[in-house]
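Asks: One structure, as structure tokens, below. Some questions next.
Residue numbers (the working numbering), protein chains in the order written: chain A, 1 to 604; chain B, 605 to 1208.
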């Protein structure tokens, strides 16, 4: 086998139906064309899983993919992604997670793990360098993520890293995720349910190898340059390290775009009670940084005897203002139970918000609650208890565990679900931030902020200030942000580095480790290729471009109070411009010319 | 019992001879007069331990003291101190540590633990809220700090916090410390040997209480103000978070004051190989922050299968340039073994440097090494192996475990020990930084940088730039830094906050929590009181002011190369000015007037 740099050169293929384990050599052409992680994983999905496949059938595959920079000394180089067909959205799913598991998988010698088929009984995969075993998992089935992780540390030594589903994934909740390192999550799009459908409880990894570097002197220089930029940037050098992602609570609220009461309002007068500043003052126990992260935004909080990682900004918003809740202690508890049951915090919290609106409007009746806390705005106990009931799939909680769209649809009012392509939108009201709305509408995995974080230019003025109420130029900016992000995901670094680093910086790091010779423009263009491949997968899956939209509320009902009063999202203006910027037809279909240009002619 | 704020109101007194455990009410007058921690601990030592006591006899006491802000939501509020009479220096010892143990002790309900007497057999103290037990420790005697901590987590649950000695403390090494939370150390002045002399292996703590706050609204404001300053300061907001304390390696070397080869030189041409930047690039696994720390300078590194907390700047310097070593992997290993055996990294590394000079000059012969790695400059293997031999007290290692002064003295050349009052000096050459030399010479616990970190104004230009080669004004600055630091230690916060925070900020935090009404000036003046009390203890112990000096090399031999070439330390100029600034006699004795002014008349 050739000597690899950055990549380890090996894909691990595990068939749970046949109980077979194969080690295949990485196709380096594919790797270089799609970089790795999200890009390479989507290419494998496209090659191997028919887009029409039922996401929870044994024909779907679950792909754990690292980037070439995962497990290296690059800043934040510890990420992995889970690529599969989503049971929540029906689109391609790609959920990205930090912590330590991804780097450990690289150290064990693998770039990618492909899980195929379905086991009859609960199993887990135990990877220890060259040794790979499929083992009985009945002793941890039904256990929470924390309990499961502790059990594997007991069984295999405390140095193992564990990625596991909780009871929510076992119950096939469409808003369940995969939890690694106790409190990090590949959270979105129901990837936990896919794992549960295969009766795979966990992947336990221990690796003692290293990742080869092509040019150590070049890496040293690229590393120093990137580190200096991260250190000197206000967001990565000050805001995030000091207050975590929750530093955004007050900032977003002051702009009048902090969705409140299921997006019925956009300003929360008790925002400061749930801010990063208050979190730091009252609940923070320590920082909880990921592998080799110079930013260290991760928090570790404690309240009333419960302690664990998080909460992140979006979680605080979801269980907080979006449910009218100002009790930060309750939010920390709800976050804790999401991590334990393996629920996505954004979808879980916004589904409770949707349930609260259904209750407010009389669709859900008091008797439907079966004695559980009342679903009224501001009920702190409700967000904690209903999170547990979703995790346990009990009573109405079982229906809610399918996500807000299916919940609202079951009452005949799907428009009350604040989702795109059935996935819940995060914590930024698109009525007061035009670009983020376009990004939500066009994201290839449904409602999502981390496909193209337009908050960066529209609110944080990075890399430059854009008028958040204007539509001009937002299509082009959104495209660039989406492409750039796809490449950052693919390479295995954290999106937060992009507040400080530019395309050339990523290219320099990638080139020094892998021996490639990409320019910054090349790097972003690969993101364009990944984006179009994801779009093709979705089109083949039957996702119509008419789904590139936002909930009617955001297009038609102006914000009624606060600093963004009077605004709606003008998607009808930006969407056609976006299709054009993408080089797609006016109906949102990639042209043959565009696909050829991107080297995607095989997938036309 | 009255309702306490900040303080918990209880001192735990444990007599190991009698096997008695008493809970005494805190004397609040003493607490307010000396704040807590270092101040209150020294007051108790003065009251209860005759300064002439043999430090390793059962008459000495070991005092674990928290500050009123320990365990609160103030930035870095997690520190504790160990106060005792030092077996290394014969002076008062006060070693300060971070991590989580100190906060846990507060949560258990105690401000201070006083250990008296001596157990016949190895024991440990197990504190779980109200329950306190003296238990048999024979099952962990002889074990390293990491092994011991793991054993107690196994025995008492993973939430316990453990402060323990390693084999070095058991062996009564005069450079042994106490290790808490696996990789944090109350390291200096041989406090581990005092613990070992009492046959006390560890104090295991679990606490579930809280610390009362007097004025929550005032705390919120004071907290926000301090956090903003920490975030916006270049050192606490950028340098330390990104590269840890090792960010100093290149800075100090570029000023030509990085002691090399046991202070024979002051510039190390391979400094970048052991810099914080290289550490981050090649060995950093994650950040490893202390309780509630917004700075997060702590590192966690891995090399060749060894991983753990650190190394800090002084450790890197000590095992690195001061031994001529440029192999960062070896430094990480030596640091690891210091933490495991419970050795102070500064004294351990500089004792190896002294041994290398003794070997260079023929005092130590090759046959004395008994086959262990040769003590020659730059021998990476030697720093690792001799650390282990000191930890195990094997061969020449047993003699080295007494510290560099006793080692060099045994060969008739005590002047080769780079120490003050027999304690090894840290990583800044006083010939090129006049103020730090004065601070070393006058530090109440011997050679030490954290009694008054003059590097801040003389190198980092904080709070303002001082000419490092000048002597003018250094006496007054040194006094202020010493006093200010004593108060910060006493209150229970980390010295690193003082790069960003001023006296008023600490007073505001203290007042809001304790309900006191101190001004910033009052706060610093309490430091003056603490400093003078320590001085009185040392004088009564028989430490003559003639020991307020530096090794002859630093006073007489000019630096021979690099940016500080030609300079010596001018202590003969600054010391008389310092005595005067302190209001002491020209012989360095506190006057009666001064003591009365400070409310120390009882100790004249």
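Where is the CB? At the ideal position from N, CA and C, for every residue including glycine.
Is residue 752(B) close to chain A, meaning its C-beta is less than 7 Å from at least one C-beta of that chain?
Replies: Closer than 7 Å: no.
Asks: At a cut-off of 6 Å, is residue 778(B) close to the ligand COA when judged by its beta-carbon and the heavy atoms of the ligand?
Replies: Inclusion of the ligand COA in the displayed structure is not the case, the ligand content being empty and no account of it being possible.
Asks: Which residues in chain B sit within 8 Å of residue 286(A), going by Cβ to Cβ distance?
Replies: Ordered by position in chain B, the residues that pass the 8 Å Cβ test against residue 286(A) are 704, 893, 894, 895, 896, 897.
Asks: Please classify residue 365(A) as buried or exposed, where buried requires at least 16 neighbouring CB atoms within 10 angstroms.
Replies: Counting Cβ neighbours within 10 Å, residue 365(A) comes out exposed, since fewer than 16 surround it.
Asks: Three or more beta-carbon pairs under 8 Å between the region 334-345 of chain A and the region 381-391 of chain A, yes or no?
Replies: Contact holds: three or more Cβ-Cβ distances are below 8 Å.
Asks: Just to confirm before moving on: does the CB-CB distance between residue 893(B) and residue 287(A) stay below 7 Å?
Replies: Result yes, Cβ atoms of residue 893(B) and residue 287(A) sit closer than 7 Å.
Asks: Less than 7 Å between the beta carbons of residue 1142(B) and residue 695(B), yes or no?
Replies: Cβ distance < 7 Å, so residue 1142(B) and residue 695(B) count as in contact.
Asks: Any C-beta of chain B sitting closer than 7 Å to the C-beta of residue 79(A)?
Replies: It does not; no Cβ of chain B falls within 7 Å.
Asks: I believe residue 836(B) touches residue 765(B) by the beta-carbon criterion, under 8 Å. Please report the beta-carbon distance rounded to the nearest angstrom.
Replies: The Cβ separation is near 32 Å, so there is no contact.
Asks: For residue 280(A), which residues from the same chain have a beta carbon less than 6 Å from its beta carbon, with the 5 sequence-adjacent residues on both sides left out?
Replies: Closer than 6 Å at Cβ, skipping near neighbours: 243.
Asks: Note the first and the last residue of the continuous alpha helix (DSSP H) segment covering residue 1158(B).
Replies: Run containing residue 1158(B): 1156-1160, per the alpha helix (DSSP H) assignment.
Asks: With a floor of 4 residues, list each alpha helix (DSSP H) that falls wholly inside the region 338-388 of chain A, ordered by position along the chain.
Replies: Entirely contained in the region 338-388 of chain A, the alpha helix (DSSP H) runs reaching 4 residues are, in chain order, 345-360.
Asks: Could you give the C-beta distance for residue 878(B) and residue 930(B), rounded to a whole number, given that I count them as a contact under 8 Å?
Replies: Contact flag correct, Cβ pair sits at about 6 Å.
Asks: Would you say residue 1100(B) faces chain A, with C-beta separation under 7 Å as the test?
Replies: By this cut-off, residue 1100(B) is not an interface position.
Asks: Name the two residues that bound the continuous beta strand (DSSP E) containing residue 293(A).
Replies: Per DSSP, residue 293(A) belongs to no beta strand (DSSP E) and is neither H nor E.
Asks: From residue 499(A) to residue 238(A), what distance separates their C-alpha atoms?
Replies: Residue 499(A) and residue 238(A): Cα-Cα distance of roughly 12 Å.
Asks: Exposed or buried, what is residue 1068(B) when buried is set at 16 or more other beta-carbons lying within 10 Å of its beta-carbon?
Replies: Exposed.
Asks: From this set, 584(A), 135(A), 87(A), 127(A), which residue's C-alpha is nearest residue 169(A)'s C-alpha?
Replies: Cα-wise, what sits closest to residue 169(A) is 87(A).
Asks: Are any of the Cβ atoms in chain A nearer than 7 Å to that of residue 907(B)?
Replies: False, the Cβ-Cβ gap to chain A never drops below 7 Å.
Asks: Using the Cβ count rule (16 or more neighbours within 10 Å means buried), how would you classify residue 1061(B)?
Replies: Residue 1061(B) is buried by the Cβ-count criterion.
Asks: Which residues share a DSSP beta bridge with residue 12(A)?
Replies: DSSP lists 23(A), 113(A) as partners of residue 12(A).
Asks: Would you kindly report the start and end of the unbroken alpha helix (DSSP H) that includes residue 1118(B)?
Replies: Per DSSP, residue 1118(B) belongs to the alpha helix (DSSP H) from 1107-1118.
Asks: Where does residue 1188(B) sit, in a helix, a strand or coil, going by DSSP?
Replies: Three-state result, residue 1188(B): strand.
Asks: For residue 314(A), does the count of other Cβ atoms within 10 angstroms reach 16, so buried, or fall short, so exposed?
Replies: Flag for residue 314(A) reads buried.
Asks: Starting from the C-beta of residue 565(A), find all residues in its chain whose C-beta is less than 6 Å away, skip the five residues before and the five after it, and write them out in chain order.
Replies: For residue 565(A), where only same-chain residues beyond five positions count, the Cβ hits under 6 Å are 559.
Asks: Are the C-beta atoms of residue 607(A) and some chain B residue less than 7 Å apart?
Replies: No information on residue 607(A) is available, as it lies outside the stretch 1 to 604 that chain A covers here.
Asks: Below 7 Å between beta carbons: does that hold for residue 495(A) and residue 74(A)?
Replies: No, Cβ-Cβ distance for residue 495(A) and residue 74(A) is not below 7 Å.
Asks: Can you tell me where the beta strand (DSSP E) holding residue 81(A) begins and where it ends?
Replies: Its beta strand (DSSP E) spans residues 80-85.
Asks: Since residue 161(A) is in the beta strand (DSSP E), which residue starts that stretch and which ends it?
Replies: Unbroken beta strand (DSSP E) run through residue 161(A): 161-164.
Asks: Alpha carbon to alpha carbon, how far is residue 177(A) from residue 79(A)?
Replies: Straight-line Cα distance between these residues: approximately 16 Å.
Asks: Distance, Cα to Cα, residue 731(B) vs residue 703(B)?
Replies: Cα-Cα distance, rounded: 18 Å.
Asks: So the candidates are 501(A), 524(A), 119(A); which of them puts its Cα closest to the Cα of residue 607(A)?
Replies: In the structure displayed, chain A extends from 1 to 604; residue 607(A) sits before or after that span and is not available.
Asks: For the region 214-242 of chain A, enumerate the residues whose C-beta is nearer than 8 Å to any C-beta of chain B, in chain order.
Replies: Hits within the stretch, in order: 219, 220, 223, 224, 227, 230, 231, 232, 237, 238, 239, 241, 242.
Asks: Starting from residue 885(B), find everything on chain A with Cβ-Cβ shorter than 7 Å and list it in chain order.
Replies: In chain order: 73, 220, 223.
Asks: Take the Cβ of residue 219(A) as the centre, count every other Cβ of all protein chains shown within 10 Å, and call the residue buried at 16 or more, exposed below.
Replies: Counting Cβ neighbours within 10 Å, residue 219(A) comes out buried, since at least 16 surround it.
Asks: According to DSSP, residue 1028(B) sits in a beta bridge with which residue or residues?
Replies: Paired residue(s): 1023(B).
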